[in-house]
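Trainee: Take this structure, written in C-alpha cells, and hold onto it; I'll ask about it next.
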C-alpha cells in the first residue's frame, strides 16, 4: 500500500509536497500528483470505445501519470458536442471496462469527464435539439438551442447521476463533472448567456443551481465508491461572462455542499473565446479546412475575432487560481501551461495539490517518466495548437505524430 507523506513543517515554513509523491483524492490514492487533463480524443466514431481510445489513455498511463481523464463522456446523446462522441449508456460499459482495465494495468487511475454540452452541443450531428438557459444560436452547428425547462434540468441532473453510476460499473476510479467552457452548467452560470428571470436566472445563487444540483446528484449516486471532482471556469474570458469573484463564490458553495473531493480550475468559452484557455497559436486556417462553406468562409473571415490569440506562458492560469487557493480548503488541481518539473514544483510550493497536463502529454506520453528520471527534461510542445483542428478526425500532435491511429475504424 502506498503511504502518503504529510505536508511537513520546516521552521515556520510549510514544506511543499513532492509532485511525484502518492496523494489522496477522496477515497483514491494516486501514485503521484499529476493528472492527464481531459482533452477530446476524437476516437469514438460510433460513440463507443475503440482501440484508439484505449491506446490514447494507456500511453500516458504507462508514461507515469497518476490519473488520466477520458473526455468527453456525455450524460445524454443530445449533450454531445458532436454526434460521434461517446455518451454514457449500458452499451458503452463493456468497452469502457476494457479501457479502464488497460489503464489500471499500467498502474494509473482513470477518471471519466461527464457533463452536458448545452449550447455547445451540435444539434445537427446529434440529431437532437440542444439545450441552453435561453434560446441560443450555435454558429458551428447552424442550429438554435432551445430554452431548457425545469423538467429538462431535472432530467439532465438525473442523467449526471446515472452517468456516474455507469462509470462505477465501467471500472472508473473517479468522475470529473464539467462545469466549464460554457457547456450547460457553465452557460447557466454566465450572466451573459443566462438571461432567465425564473428560479434558474438572475442572482448568482439562482444561476449556480444547475451546477450545484449536478454535483450533489452525482455525490448521492456514488457516495465514497469513487472520487468526484469538477472542472469550473474561473472566467469565461468574455465581457459580461462570469467573473472571478462570482466563480470564487460558486466554488465556495460547492465546497460547502460537500460533493467534491477536488476542483480543477479552468477558463474560456468554447462558444465565444476558446483560445482564452489554450494560449499560444491560433490555427484559424487549419480549423477552417474542417468545415464546408459557408462556415469555412466565415471562419476565415471572422476567425481572428472568434479565435483571439493569447501569448503563452508557463502556468498561465496560476495567477487567478491562487485567489481560489487562498479562499478554499478543498484540494485544487492546477491546469494550464504545466510542462516541466520547475513549474510543477512551483505549483506545489503555491499550495496546489495536483497539476493537470494536456498538450504536453499528447505530444510526449512518456514525458513524466523522463522528467522523474531527469528533472531538467522539458516538453517539446511549442504551443502551436495545431493539435486542436485534429479533433475533427483523430486528435494528435502534428509535431510528434503521437498518438498514431491503431485501427482503421478508429
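Residue numbers (the numbering used here): 173 to 582. Note that the Cβ used here is the ideal one computed from N, Cα and C, for glycine as well.
Assign residue 308 to buried or exposed, taking buried as 16 or more other Cβ atoms, counted over all protein chains shown, within 10 Å of its Cβ.
Mentor: Here residue 308 is taken as the residue at index 136 of the chain shown, counted from 1. Counting Cβ neighbours within 10 Å, residue 308 comes out buried, since at least 16 surround it.
Trainee: Could you say if the region 236-254 and the region 331-345 meet the contact criterion of at least three C-beta pairs nearer than 8 Å?
Mentor: These segments touch.
Trainee: How many Å lie between residue 222 and residue 270 at the Cα?
Mentor: Reading the chain shown from its first residue, position 50 is the one you call residue 222. Reading the chain shown from its first residue, position 98 is the one you call residue 270. The alpha-carbon atoms of residue 222 and residue 270 are separated by roughly 10 Å.
Trainee: Considering residue 583, what are the terminal residues of the alpha helix (DSSP H) in which it resides?
Mentor: Because the chain here runs from 173 to 582, residue 583 falls outside it and cannot be looked at.
Trainee: Candidates 263, 425 and 203: which alpha carbon is nearest residue 280's?
Mentor: Numbered from its first residue, the chain shown carries residue 280 at position 108. Answer by Cα proximity: 203.
Trainee: Tell me whether the region 474-481 and the region 497-517 touch, counting them as touching only if at least three CB pairs, one residue from each stretch, are closer than 8 Å.
Mentor: Too few Cβ pairs lie closer than 8 Å, so no.
Trainee: How about residue 149 and residue 369: are their beta carbons less than 8 Å apart?
Mentor: There is simply no residue 149 to check, as the chain begins at 173 and stops at 582 in what is shown.
Trainee: To the nearest angstrom, report how far apart residue 337 and residue 268 are at their CA atoms.
Mentor: Taking the chain shown and counting its residues from 1, one reaches residue 337 at position 165. Taking the chain shown and counting its residues from 1, one reaches residue 268 at position 96. Rounded to the nearest angstrom, the two C-alpha atoms are 13 Å apart.
Trainee: Answer with buried or exposed for residue 565, where buried requires no fewer than 16 other C-beta atoms within 10 angstroms of its C-beta.
Mentor: Here residue 565 is taken as the residue at index 393 of the chain shown, counted from 1. Exposed, since its Cβ has fewer than 16 Cβ neighbours within 10 Å.
Trainee: List the whole-angstrom C-beta distance separating residue 255 from residue 289, where the pair is believed to meet the contact cut-off of C-beta under 8 Å.
Mentor: Numbered from its first residue, the chain shown carries residue 255 at position 83. Numbered from its first residue, the chain shown carries residue 289 at position 117. About 11 Å separates the two Cβ atoms, so there is no contact after all.
Trainee: Taking Cβ to Cβ, would you say residue 489 is nearer than 8 Å to residue 237?
Mentor: To locate residue 489, count along the chain shown from 1; it is residue 317. To locate residue 237, count along the chain shown from 1; it is residue 65. No; because the gap between Cβ atoms is not below 8 Å, this pair is not in contact.
Trainee: Is it true that the CB of residue 240 sits closer than 8 Å to the CB of residue 208?
Mentor: Taking the chain shown and counting its residues from 1, one reaches residue 208 at position 36. Taking the chain shown and counting its residues from 1, one reaches residue 240 at position 68. Against a cut-off of 8 Å, the Cβ pair of residue 240 and residue 208 comes out as a contact.
Trainee: Need the endpoints of the alpha helix (DSSP H) that residue 496 sits in, please.
Mentor: Looking up residue 496 in the chain shown gives position 324. 490-499 is the span of the alpha helix (DSSP H), which, as asked, contains residue 496.
Trainee: Since residue 549 and residue 558 are thought to touch, with beta carbons under 8 Å apart, how far apart are those beta carbons, to the nearest angstrom?
Mentor: The count along the chain shown starts at 1 and reaches residue 549 at position 377. The count along the chain shown starts at 1 and reaches residue 558 at position 386. Actually they are not in contact, since the Cβ atoms of residue 549 and residue 558 sit about 23 Å apart, beyond 8 Å.
Trainee: Check whether the region 380-399 touches the region 335-355, taking contact to mean three or more Cβ pairs, one atom from each stretch, closer than 8 Å.
Mentor: yes
Trainee: By alpha-carbon positions, which one of 219, 535, 486 and 417 ends up nearest to residue 512?
Mentor: In the chain shown, counting from the first residue as 1, residue 512 sits at position 340. Of the listed residues, the one whose Cα sits closest to residue 512 is 486.
Trainee: Tell me the DSSP secondary structure of residue 344 in three-state form.
Mentor: Counting from one through the chain shown, the residue named residue 344 turns up at place 172. In this structure, residue 344 counts as coil in the three-state DSSP scheme.
Trainee: Would you be able to state if there are at least three C-beta pairs under 8 Å between the region 344-359 and the region 402-421?
Mentor: Using a Cβ-Cβ distance cut-off of 8 Å, the region 402-421 and the region 344-359 are in contact, since at least three pairs of beta carbons, one from each stretch, lie closer than that value.
Trainee: With DSSP collapsed to three states, give me the class of residue 259.
Mentor: Counted from its first residue, the chain shown places residue 259 at position 87. Strand at residue 259.
Trainee: Cα-Cα, which of 426, 316, 464 and 242 is closest to residue 213?
Mentor: The sequence position of residue 213 within the chain shown is 41, counting from 1. Comparing C-alpha distances from residue 213 to each of 426, 316, 464 and 242 shows the shortest one belongs to 242.
Trainee: Kindly list the residues whose CB is nearer than 7 Å to the CB of residue 229, restricted to its own chain and excluding five residues on each side of it in sequence; keep chain order.
Mentor: The residue given as residue 229 occupies position 57 in the chain shown. Counting only Cβ-Cβ distances below 7 Å, and skipping sequence neighbours, we find 240, 242, 271, 275 and 282.
Trainee: DSSP on residue 209, reduced to helix/strand/coil?
Mentor: Here residue 209 refers to the residue found at position 37 of the chain shown. Note: residue 209 maps to coil in three-state DSSP.
Trainee: Taking contact to mean 3 or more Cβ pairs, one atom from each stretch, closer than 8 Å, check whether the region 317-324 and the region 286-305 are in contact.
Mentor: Contact between the region 317-324 and the region 286-305 is present, because at least three Cβ pairs lie under 8 Å.
Trainee: Less than 8 Å between the CB atoms is what I'm expecting for residue 225 and residue 216, so what's the real figure, rounded?
Mentor: Sequence index remark: in the chain shown, residue 225 carries index 53 (1-based). Sequence index remark: in the chain shown, residue 216 carries index 44 (1-based). Right, their Cβ atoms sit about 6 Å apart.
Trainee: For residue 451 versus residue 425, is the C-beta spacing smaller than 8 Å?
Mentor: The sequence position of residue 451 within the chain shown is 279, counting from 1. The sequence position of residue 425 within the chain shown is 253, counting from 1. Contact: no.
Trainee: Could you please give the first and the last residue of the uninterrupted alpha helix (DSSP H) stretch that includes residue 504?
Mentor: As a working note, residue 504 is residue 332 in the chain shown. That residue, residue 504, is in no alpha helix (DSSP H); its beta strand (DSSP E) goes 504-507.
Trainee: Work out the CA separation of residue 545 and residue 361 for me, nearest whole Å.
Mentor: Numbered from its first residue, the chain shown carries residue 361 at position 189. Numbered from its first residue, the chain shown carries residue 545 at position 373. Looking at the two C-alpha atoms, the distance is approximately 43 Å.
Trainee: Please confirm whether residue 452 has its beta-carbon closer than 8 Å to some beta-carbon of chain C.
Mentor: Given the protein chain composition of this structure (a single chain), no chain C is represented.
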